[in-house]
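A.B. asks:
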Amino acid sequence: MSSTDPMKRLSSHGSSASIEEDPAAKRQRLERFVADQQLLASQSIPTPQTPYVIYTQRLSEVYRKKILVTGGAGFVGSHLVDRLMSEGHEVVVLDNFFTGRKANVEHWLHHPNFSLVRHDVIQPILLEVDQIYHLACPASPPHYQYNPVKTIKTSTMGTINMLGLAKRVKARILLASTSEIYGDPTVHPQPESYWGNVNTIGPRACYDEGKRVAETMMYAYKMQNDVEIRVARIFNTFGPRMHPNDGRVVSNFIIQSLQNKDITIYGDGSQTRSFQYVDDLVSGLIKLMNGNYDQPVNIGNPDEYSIKEFATKIRGMCESQSEIKFLPKVADDPTQRKADIRTAKREIDWEPMVTVDEGLKKTIEYFQREVEAAGGEIVPTGPDAAKPKGAN
Ligand SMILES: NC(=O)c1ccc[n+]([C@@H]2O[C@H](COP(=O)([O-])OP(=O)(O)OC[C@H]3O[C@@H](n4cnc5c(N)ncnc54)[C@H](O)[C@@H]3O)[C@@H](O)[C@H]2O)c1
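Under full-length UniProt numbering, the residue at position 191 of the sequence shown is numbered 191, and the numbers go up by one with no gaps.
Structure below.
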């Protein structure tokens, strides 16, 4: 009893031995299936968060690596994943989705080279990998101050667990450290040789000191167990997929400007920062991982702005009517920050390529989509500790 309706025949496939499929139709269906699978294995699928296609190379076994990215569903991690996937590597993301979002990597979920594991790095895990980019840790002050004990556990126990894994499977591991290890610096700009000026008991200490001890653990494992390590000291970074409620300067200023609301500056705005676009950071991380240099390397854009200048620039680019409003300074906010990147230039042949203006243009477009998706209003997070919106 064979149906004449091809849809019926397709949908009944495998359900009854007595239903036969026309051989030509079957071949066509299989060919289409194979073509679909090949297409899916060669590119990302556009999603609201990533509304374009990223193509993936086919790498031979010799060059293809298994790469673990902890915190890969976060802002920086998801851009790193895009680059590693496009190069043709196998990528495993470990994330507990505290500040990260599945939407940041949703465009890869179908791809055979990609795996996503919900896992908290404070618990050990066994995996076979060649390289580990260890990024898991909330990075914005309101978010890392929300649960300071957990932030410390993430940097200490999380890094110990990843180092233990690297040691067991002989993987090279890169730590995403931070310019915050310099604290409120008394040397300007900050070279890697500067030891920092950090308040060990202040509100930022859970993050700053957590990263400092994470660096210490990296070098202890190198000395004692020959683990291959890399340490990136990352300076302020911005770009699409920043958490809209993370309360950082770039996200807040853009969101406030786009909604014509007051732009809030904590302090008199004379404090300085240097801002790098996320694509530059990703290039720096990959160069550092694959180079030979194993001492800490600053990765940042040395273009320095006062916060007030930066707010004015963003307001202008958003063609906004917002007023700039000054609020009391927050505790332990560094007064100046500027990357000395001579080591990166010399040792890994890296320097930023994207201007702040180019980067801001793309970031503003992203936040325009976020504001629309939120129904036209996002209330930016202030400087106080706050649970990330959508955290689970
Ligand atoms: N963005 C910056 O300007 C900047 C500057 C310096 C350093 N860094 C470092 O780079 C890394 C990434 O920062 P980001 O801006 O992408 O932050 P982010 O908050 O967007 O990403 C961090 C990711 O780690 C995940 N995570 C947090 N705790 C975890 C845990 N215990 N187990 C598993 N996953 C966990 C989060 O869910 C998130 O996906 C962080 O280590 C941060 O310290 C970032």
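Beta carbons: idealized from backbone N, C-alpha and C, even for Gly.
1. When you measure from the CB of residue 393 to every non-hydrogen atom of ligand 1, does any distance come out below 7 Å?
2. As an exercise, report each continuous beta strand (DSSP E) stretch of at least 3 residues that is fully enclosed by the segment 150–197, in chain order.
3. ILE367 lies in the alpha helix (DSSP H); which residues open and close that run?
4. Taking Cβ positions, are ARG233 and LEU174 nearer each other than 8 Å?
5. By DSSP, does GLU106 sit in helix, in strand, or in coil?
6. Output needed for GLY247: all residues of its chain with C-beta closer than 6 Å, excluding positions within five of it in sequence on either side, in chain order.
7. How about ASP120: is its Cβ closer than 7 Å to a heavy atom in ligand 1?
8. In whole angstroms, what separates the C-alpha of VAL169 from that of ASN96?
9. Measuring alpha carbon to alpha carbon, tell me which of VAL91, TYR146 and PRO112 ends up nearest TYR133.
10. Can you list, in chain order, the residues of its chain whose CB lies under 6 Å from that of PRO352, leaving out five sequence neighbours each side?
11. With H, G and I counted as helix, E and B as strand and the rest as coil, what does DSSP make of ARG233?
12. What residue from LEU68, PHE367, LEU40 and ILE45 has the CA that sits closest to ARG58's CA?
13. May I have the straight-line CA-CA distance separating THR264 from GLY164, to the nearest angstrom?
14. By alpha-carbon positions, which one of LYS167, GLU180 and ARG172 ends up nearest to GLN224?
15. Sort THR156, ASN236, PHE33 and ASN147 by Cα distance to ALA385 and report the nearest one.
16. Is there contact between the segment 93–113 and the segment 65–75, where contact requires at least three CB pairs shorter than 8 Å?
17. Name the DSSP beta bridge partners of ARG27, please?
18. Residue range of the alpha helix (DSSP H) that PHE75 falls in?
19. May I ask you to check if the CB of CYS137 is nearer than 7 Å to at least one heavy atom of ligand 1?
C.D. replies: Result, derived from the coordinates:
1. Because the chain is modelled from 1 through 392, residue 393 falls outside the range shown and cannot be assessed.
2. Look at the segment 150–197 and you find these whole runs of beta strand (DSSP E), each 3 residues long or longer: 172–178.
3. The amino acid at residue 367 is misidentified as Ile; the sequence shows Phe. Where PHE367 is concerned, the enclosing alpha helix (DSSP H) starts and stops at 356–373.
4. It is not a contact, given that the beta carbons lie outside the stated cut-off.
5. In the three-state DSSP reduction, GLU106 falls in the helix class (H, G or I).
6. Result list for GLY247: SER140, PRO142 and THR381, in chain order.
7. Checking the Cβ of ASP120 against ligand 1 gives yes.
8. For VAL169 and ASN96, the distance between alpha carbons rounds to 23 Å.
9. In terms of CA proximity to TYR133, VAL91 leads the group VAL91, TYR146 and PRO112.
10. Annotation for PRO352: GLN276, ASP280 and ASN301 place their beta carbon closer than 6 Å to its own, counting only its chain and skipping 5 residues before and after.
11. Here ARG233 sits in strand by DSSP.
12. Considering only alpha carbons, the answer is LEU40.
13. Going by the C-alpha atoms only, they are around 43 Å apart.
14. When each option's Cα is compared against that of GLN224, the closest is LYS167.
15. Nearest option by C-alpha distance: ASN147.
16. Three or more pairs of CB atoms, one per stretch, sit closer than 8 Å, so the segment 93–113 contacts the segment 65–75.
17. ARG27 has no beta-bridge partner at all, per DSSP.
18. Here the alpha helix (DSSP H) through PHE75 covers 75–86.
19. At a threshold of 7 Å, CYS137 counts as near ligand 1, since its beta carbon sits closer than that to one of the ligand's heavy atoms.
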